[in-house]
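> Have a look at this one.
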Amino acid sequence: MKAKAAAGLQDVVAGESSICLVDGTKGRLVYHGYDINDLVGKASFEEVVYLLWHGKLPNLAELTELDAELKKNREIPADIMALIQGLVNSPANPTGMEILRTVASFAGAVDADKSMERETHLKQSAKLVSLMASATAAIGRLKAGKEYVAPRSDLGHAANFLYMLNGVEANELSVEAFDVALILHADHEFNASTFTARCTVGTLSDVYSGVTSAIGALKGPLHGGANEDVLRMLMKINSVEGAEAGIKDLLANGVKVPGFGHRVYRSYDPRGLVLKKYAKDLTAKQGETKWYDMTEIAERVVLEYFAGKGKDLKYNVDLYSGSLYNAMDIPVELFTPLFVMSRVSGWTAHILEQYANNRIIRPVADYVGPVDLQFVPISERA
Numbered sequence: 003m004k005a006k007a008a009a010g011l012q013d014v015v016a017g018e019s020s021i022c023l024v025d026g027t028k029g030r031l032v033y034h035g036y037d038i039n040d041l042v043g044k045a046s047f048e049e050v051v052y053l054l055w056h057g058k059l060p061n062l063a064e065l066t067e068l069d070a071e072l073k074k075n076r077e078i079p080a081d082i083m084a085l086i087q088g089l090v091n092s093p094a095n096p097t098g099m100e101i102l103r104t105v106a107s108f109a110g111a112v113d114a115d116k117s118m119e120r121e122t123h124l125k126q127s128a129k130l131v132s133l134m135a136s137a138t139a140a141i142g143r144l145k146a147g148k149e150y151v152a153p154r155s156d157l158g159h160a161a162n163f164l165y166m167l168n169g170v171e172a173n174e175l176s177v178e179a180f181d182v183a184l185i186l187h188a189d190h191e192f193n194a195s196t197f198t199a200r201c202t203v204g205t206l207s208d209v210y211s212g213v214t215s216a217i218g219a220l221k222g223p224l225h226g227g228a229n230e231d232v233l234r235m236l237m238k239i240n241s242v243e244g245a246e247a248g249i250k251d252l253l254a255n256g257v258k259v260p261g262f263g264h265r266v267y268r269s270y271d272p273r274g275l276v277l278k279k280y281a282k283d284l285t286a287k288q289g290e291t292k293w294y295d296m297t298e299i300a301e302r303v304v305l306e307y308f309a310g311k312g313k314d315l316k317y318n319v320d321l322y323s324g325s326l327y328n329a330m331d332i333p334v335e336l337f338t339p340l341f342v343m344s345r346v347s348g349w350t351a352h353i354l355e356q357y358a359n360n361r362i363i364r365p366v367a368d369y370v371g372p373v374d375l376q377f378v379p380i381s382e383r384a
């Protein structure tokens, strides 16, 4: 007899992985044995990418080799750039997520290497990490009516993205904060988009198909987009003085305030705690604390509201990311694409792990429909 299905596969163990541990009870996030708090501010995003793919932190030679591979793939190929330009100028006005999804698929179609060897998959993974970053920057500039800025090989991954997006080198704190944000978003176990990627490549489809599928899953507002929703909410209120009343009004009308609660974490989301610190420091340095101040007010009001109802609600990774990204002059429309350019490292890590010990993913359903219906000819149907 089949076990009763859990809605949304809640707490169902769907497979084994050594990549990422999300401890919802203790509020911990661990990559291949390293607590996230031991990585941020110490390791670079590039080191974490290597860790996710290989299960260990790189030595200097290994990091140098990966860094060279990522930099080699930063420049957007002409055919992909033409695709991005065409989509940006399309009357359909596709979102950044829709464009990235198409770019990932197109990149797979024009990659002549169809080998299923691990070395090929690693090269394709590096290509996608670089391409998603450069494409996101290009989408941001083209949608703003600005010219494309070519990448630089003398900058790290985070610094180069900010340079390509804004056309000027970012300050040291912005680069550090963005590098940390990339690390914090790099992986999160069997979330919807990661599981989608594993299901896709479990059929022995290619890396690009796995990433394209994952972007499609992340595009949904129940998975990606909450960081955008936070800042959009604050922009509607638009003043520190009106923040408390504005948030209370939303709560009184039963509107879900984005940036709070989590499917897995029952204590604080450890990523949110880190981003709050960087958001506070960076907005202070940039001399514009409006959105951070409003976010702090939103945190206080929402937590007090639910505490009054006997609920110990906590904020999540999305709450302070809006004010942080805004301080880097990143437009709100790019917040979810930023998620892609980070999480592609985790998606590809899971794709590599799925290939290494593959069995097609085929769960069963708890059928709740009718049985033994009798066929009625069409002439006799009401």
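Numbering (our numbering), first residue to last: 3 to 384. For every residue, glycine included, the Cβ atom is placed at its ideal position computed from N, Cα and C.
1) Using the rule of at least 16 other Cβ atoms within 10 Å of the residue's Cβ for burial, across every protein chain shown, is valine 15 buried or exposed?
2) Please classify methionine 118 as buried or exposed, where buried requires at least 16 neighbouring CB atoms within 10 angstroms.
3) Identify which residue in Val51, Thr198, Pro60 has its Cα closest to the Cα of alanine 128.
4) If you draw a straight line from the C-alpha of tyrosine 280 to the C-alpha of asparagine 240, how long is it?
5) Going by CA-CA distance only, name the one from Thr138, Ile353, Tyr369 that's closest to isoleucine 21.
6) Rounded to whole angstroms, what's the CA-CA distance from arginine 200 to glycine 212? Just pull it up for me.
7) Between which two residues does the alpha helix (DSSP H) carrying serine 232 extend?
8) Give me the Cα-Cα distance between glycine 244 and lysine 250, rounded to the nearest whole angstrom.
9) So leucine 184 and alanine 160 are supposed to be a Cβ contact under 8 Å. How far apart are they, rounded?
10) Would you tell me roughly how many angstroms separate the C-alpha atoms of aspartate 115 and glutamate 67, rounded to the nearest one?
11) Looking only at DSSP bridge pairs, what is phenylalanine 262 linked to?
12) Smallest Cα separation from tyrosine 36: which of Leu23, Asp231, Gly29, Glu48?
13) So what does DSSP say about aspartate 37, is it helix, strand or coil?
14) So which of Met237, Ala146, Thr198, Tyr267 has the shortest CA-CA distance to leucine 220?
15) Measure from the alpha carbon of leucine 224 to the alpha carbon of each residue in Tyr210, Phe262, Asn255, Thr205, then state which is nearest.
16) Using only alpha-carbon positions, find the residue among Asp368, Lys58, Gly348 that is nearest to alanine 216.
17) Leaving out the 5 sequence neighbours to the left and right, which residues in its chain are closer than 7 Å to arginine 268 when beta-carbon positions are compared?
18) Quick one: what does DSSP say aspartate 181 is sitting in, helix, strand or coil?
19) My parser needs the alpha helix (DSSP H) runs of 4 or more residues fully inside the region 46-119; what are they?
20) Output needed for valine 182: all residues of its chain with C-beta closer than 7 Å, excluding positions within five of it in sequence on either side, in chain order.
21) Taking 8 Å as the cut-off, does the region 80-94 touch the region 133-144 (at least 3 CB pairs, one atom from each stretch)?
22) Helix, strand or coil for arginine 30 per DSSP?
23) What residues in its chain sit with their C-beta under 6 Å from that of arginine 76, if we drop five residues either side in the sequence?
24) Please state the DSSP three-state secondary structure of leucine 340.
25) Taking 6 Å as the limit between beta carbons, can you name the residues of its chain near histidine 264, skipping five residues before and five after?
26) Between which two residues does the beta strand (DSSP E) holding aspartate 25 run?
27) Which residue from Ile363, Phe47, Leu144 puts its Cα closest to that of serine 207?
28) What's the call for aspartate 156, buried or exposed, on a 16-neighbour Cβ count within 10 Å?
29) Thinking C-beta only, is glycine 204 closer than 8 Å to asparagine 360?
30) Might you give, ordered along the chain, the residues of its own chain that have their beta carbon closer than 7 Å to the beta carbon of proline 96, omitting 5 neighbours on each side?
31) What is the residue span of the alpha helix (DSSP H) that threonine 291 lies within?
32) Along the chain, where does the alpha helix (DSSP H) that runs through glycine 169 open and close?
33) Pick from Ile299, Gly218, Leu62, Thr196: whose alpha carbon is nearest that of arginine 345?
34) Spatial neighbours of glutamate 48 within its chain, please: C-beta separation below 8 Å, excluding the five flanking residues on both sides.
Taking the coordinates as given:
1) exposed
2) exposed
3) Val51
4) 22 Å
5) Ile353
6) The alpha-carbon atoms of arginine 200 and glycine 212 are separated by roughly 7 Å.
7) Checking the sequence, you will find valine at residue 232 rather than serine. Residues 228-239.
8) So the two alpha carbons sit approximately 10 Å from each other.
9) 6 Å
10) Here the alpha carbon of aspartate 115 sits roughly 21 Å from the alpha carbon of glutamate 67.
11) Residue pairing by DSSP places phenylalanine 262 opposite Tyr317 in a beta bridge.
12) Answer by Cα proximity: Leu23.
13) strand
14) Thr198
15) Phe262
16) Gly348
17) Gly26, Thr27
18) helix
19) You should have 47-56, 62-74, 80-90, 98-111.
20) Val42, Gly43, Val276, Tyr280
21) yes
22) strand
23) Ser132, Ser136, Pro153
24) helix
25) Asp271, Asn318
26) 22-25
27) Ile363
28) Within 10 angstroms of the beta-carbon of aspartate 156 lie fewer than 16 other beta-carbons, which makes it exposed.
29) yes
30) Leu89
31) No alpha helix (DSSP H) holds threonine 291; DSSP gives it neither H nor E.
32) Careful: glycine 169 lies outside any alpha helix (DSSP H) and carries neither H nor E.
33) Thr196
34) Leu65, Leu68, Asp69, Leu72, Gly158, His159
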